[in-house]
Amino acid sequence: MYVEFDRDTCVGMFQCVAEWDAFEKDLNDGKADLNGSEEESEDLFVVEVPDDEELDAKFAARSCPVDAIEVYEDDGEQVV
């Protein structure tokens, strides 16, 4: 499972930070950062989700008010 995070879409509500500790606040930019992620393209970040954190990643995606977080199975099927 992996997460795609569109940082450009992020509006800095930081609800993802409360749901999954892979996200942290960047108060200078007013946006969240996804720790350990790689930049796939401009402002699109991707990270593999550890097996024991899959539920947290899904909650983070569901809590995002602007849908900046998407969760996918390894085969590319979108879950959230």
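Following my numbering, the numbering of the sequence shown begins with -10 at its first residue and continues without gaps.
All C-beta atoms in this analysis are idealised placements derived from N, C-alpha and C, irrespective of residue type, glycine included.
As the structure is a computational prediction, the values presented were derived from the model and not from experiment.
Three-way DSSP call (helix, strand, coil) for residue i in this model
i	result
Glu31	coil
Asp40	helix
Classification of residue i by the beta-carbon crowding that lies within 10 angstroms, buried from 16 upward
i	result
Leu23	buried
Ser26	buried
Val60	buried
Val68	exposed
Val55	exposed
Same chain, Cβ closer than 6 Å to residue i, neighbours up to 5 away in sequence not counted
i	result
Phe48	Glu8
Cys(-1)	Lys20, Ala21, Ala57
Asp(-5)	Leu33, Ala57
For residue i: DSSP bridge partner residues
i	result
Gln67	Tyr61
Leu23	Phe12
Val(-8)	Val36, Val60
Cβ neighbours of residue i in the same chain (closer than 8 Å, five flanking residues each side left out)
i	result
Glu62	Met(-10), Val68
Whether residue i touches residue j by CB criterion (8 Å)
i	j	result
Val35	Val6	no
Ala50	Val38	no
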